[in-house]
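What follows is a single structure, written as structure tokens, with notes after it.
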Amino acid sequence: MKDCIIIGKGPAGLSAALYVRRAGYTPLVIGKDSGALGQSHRIENYFGLEQPISGDELFRRGLAQVKRLGIEVLCDEVVSIRETQGFRVCTASGRIINSHTVLLATGKSRNMPKNFDASAFLGRGVSQCAQCDGFLMRNRALAVIGSGDHAVAELTHLRSLTKNLFLFTNGATVTTDRFPKDLPIITDPITELYADDLGTLSGIRTEKGDYAIEGAFLAQGVASASDFAVRMGAIMDGNNITVNRNYQTNVSGLFAAGDCIGGILQISKAVSDGAIAGLSIAEYLRNLPQNAE
Numbered sequence: 003m004k005d006c007i008i009i010g011k012g013p014a015g016l017s018a019a020l021y022v023r024r025a026g027y028t029p030l031v032i033g034k035d036s037g038a039l040g041q042s043h044r045i046e047n048y049f050g051l052e053q054p055i056s057g058d059e060l061f062r063r064g065l066a067q068v069k070r071l072g073i074e075v076l077c078d079e080v081v082s083i084r085e086t087q088g089f090r091v092c093t094a095s096g097r098i099i100n101s102h103t104v105l106l107a108t109g110k111s112r113n114m115p116k117n118f119d120a121s122a123f124l125g126r127g128v129s130q131c132a133q134c135d136g137f138l139m140r141n142r143a144l145a146v147i148g149s150g151d152h153a154v155a156e157l158t159h160l161r162s163l164t165k166n167l168f169l170f171t172n173g174a175t176v177t178t179d180r181f182p183k184d185l186p187i188i189t190d191p192i193t194e195l196y197a198d199d200l201g202t203l204s205g206i207r208t209e210k211g212d213y214a215i216e217g218a219f220l221a222q223g224v225a226s227a228s229d230f231a232v233r234m235g236a237i238m239d240g241n242n243i244t245v246n247r248n249y250q251t252n253v254s255g256l257f258a259a260g261d262c263i264g265g266i267l268q269i270s271k272a273v274s275d276g277a278i279a280g281l282s283i284a285e286y287l288r289n290l291p292q293n294a295e
């Protein structure tokens with residue numbers, strides 16, 4: 003049982019890991035890449051930089067810093083989180099890890115499709131959470147839009163709810179070998195979603211044909227902090243996770259920090275969020291019953 007699993011290894015996640023570790027607890031950081039930080043080619047408005055630095059270099063230094071303290075960092079993708087006695091976190095590689103607390107620090111969701119308008123159908127046949135909405139669409143023709151492990155997780159939940167299930171990769175390259183072998187996979191780019199007379203999703207149009215679909219689940223890229231928060235019943239403010247002054251959500255033991263809670267999308271703010279969240283997690287752990295395992 004870990005003390006804390008930190009999902010995301012950007013400035014917020016790594017900063018939190020430092021404070022949790024220095025408080026005497028054992029954090030585990032899980033992340034697939036450097037996220038938005040790694041896409042920054044030139045950083046010069048962050049304290050202490052005598053000369054501009056690339057996001058990749060700043061990320062490398064931060065990673066080296068947490069590893070120097072003996073903090074374990076997994077290069078993996080989290081596909082699900084469940085509340086048990088604490089939390090059970092499952093990764094794309096098949097690892098299942100239990101923890102007293104979880105910090106969501108994977109940044110903003112940037113996975114809405116760009117080549118067609120899905121937002122107009124949110125709540126009208128399009129969902130971003132199979133675990134939340136799948137049961138409401140059971141026994142219908144359903145689609146998952148994605149090409150990686152995030153899509154696999156959504157498909158796994160939906161397979162028990164319908165026999166009429168499709169995967170649309172939207173022209174993207176498949177990045178996993180975990181898709182069911184009997185699953186119909188449509189690889190053509192999607193051009194549009196279309197509706198019935200009531201304005202509810204009734205189909206998906208690709209460059210090569212139309213498909214009668216009554217429910218579509220968006221799962222492009224990697225699951226974001228907001229994806230996990232919604233599935234666990236955390237209160238949201240639009241696309242931002244709502245936290246209290248201790249950076250804890252309404253779900254006991256579930257914390258969030260960085261871009262995913264809103265505010266200015268700057269490294270300095272993410273580091274500050276992570277530091278406060280790390281201190282708050284340590285305080286939460288200190289107050290757990292002594293016999294908690």
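In terms of this note's numbering, the sequence shown opens at residue 3 and continues consecutively. We put the beta carbon where it would ideally sit given N, CA and C, even for glycine.
Sheet register partners of residue i (DSSP bridge)
i: R84; result: R90
i: L256; result: V104
i: N242; result: D239
i: I9; result: I32, L106
i: K4; result: S101
i: A145; result: F168, A218
i: C262; result: BP columns for C262 are empty, so no partner.
i: Q250; result: F257
i: V128; result: L124, A218
i: C77; result: G33
Through-space distance from residue j to residue i, alpha-carbon basis
i: G240; j: Q130; result: 13 Å
i: K2; j: G260; result: Limits of the chain in this structure are 3 at one end and 295 at the other, which puts residue 2 out of reach.
i: G127; j: A277; result: 40 Å
i: G156; j: G50; result: One point to set straight first is that residue 156 is Glu, not Gly, in the sequence displayed. Cα to Cα, the separation comes out at about 43 Å.
i: T208; j: M114; result: 17 Å
i: L287; j: L124; result: 38 Å
i: T28; j: I192; result: 45 Å
i: N166; j: L185; result: 9 Å
i: A14; j: S274; result: 7 Å
i: A66; j: K34; result: 16 Å
i: T202; j: E79; result: 33 Å
i: C77; j: D58; result: 16 Å
i: E52; j: R90; result: 43 Å
i: S204; j: H43; result: 43 Å
i: N248; j: S282; result: 6 Å
i: V68; j: R24; result: 10 Å
i: E194; j: D119; result: 7 Å
i: G217; j: I83; result: 23 Å
i: I73; j: A19; result: 8 Å
i: S121; j: L267; result: 22 Å
i: G223; j: F181; result: 15 Å
i: S228; j: N117; result: 22 Å
i: N100; j: S162; result: 25 Å
i: L138; j: G26; result: 45 Å
i: D212; j: D199; result: 17 Å
Other residues of its chain near residue i: CB distance less than 7 Å, five sequence neighbours each side excluded
i: I55; result: I45
i: A221; result: V146, I147, G148, H152, A153, E156
i: D190; result: G173, T208, E209, K210
i: L60; result: L39, I45
i: L290; result: H102
i: H159; result: A132, Q133, G136
Supposed close pair residue i, residue j - CB separation, criterion 8 Å
i: I206; j: A145; result: 6 Å
i: S296; j: T164; result: Since the first residue of the chain shown is 3 and the last is 295, residue 296 is not available in this structure.
i: S226; j: G40; result: That pair is no contact at about 16 Å.
i: A279; j: F257; result: 5 Å
i: V31; j: D5; result: Going by Cβ atoms, the distance from V31 to D5 rounds to 12 Å, so no, they are not a contact pair.
i: A143; j: A214; result: 6 Å
i: S332; j: G10; result: Since the first residue of the chain shown is 3 and the last is 295, residue 332 is not available in this structure.
i: A107; j: I8; result: 6 Å
i: M3; j: G96; result: Not really, about 19 Å apart at Cβ, beyond 8 Å.
Contact set for residue i: own chain, Cβ-Cβ below 8 Å, skip 5 residues either direction
i: V232; result: Q130, C131, C134, M238
i: V81; result: C92, T93, A94, D151, H152, V154, A155, A225
i: T244; result: A236, I237, M238, T251, N252, I263
Beta-carbon proximity list for residue i, same chain, < 6 Å, skipping 5 on both sides
i: N141; result: T164
i: L169; result: V146, L185, I187
i: V176; result: S149
i: G64; result: L16
i: G255; result: T103
Minimum Cβ-Cβ distance from residue i to chain C less than 8 Å
i: N47; result: Reference to chain C is not applicable here, since this structure consists of a single protein chain.
Checklist entry - Curious, which full-length alpha helix (DSSP H) runs of at least 4 residues does the stretch 171-228 contain? => result Contiguous alpha helix (DSSP H) elements confined to the stretch 171-228 do not occur, taking only those with 4 or more residues.
Checklist entry - Which whole runs of the alpha helix (DSSP H) in the stretch 46-75 are 4 residues long or more, in chain order? => result Segments of the alpha helix (DSSP H) lying fully in the stretch 46-75: 57-70.
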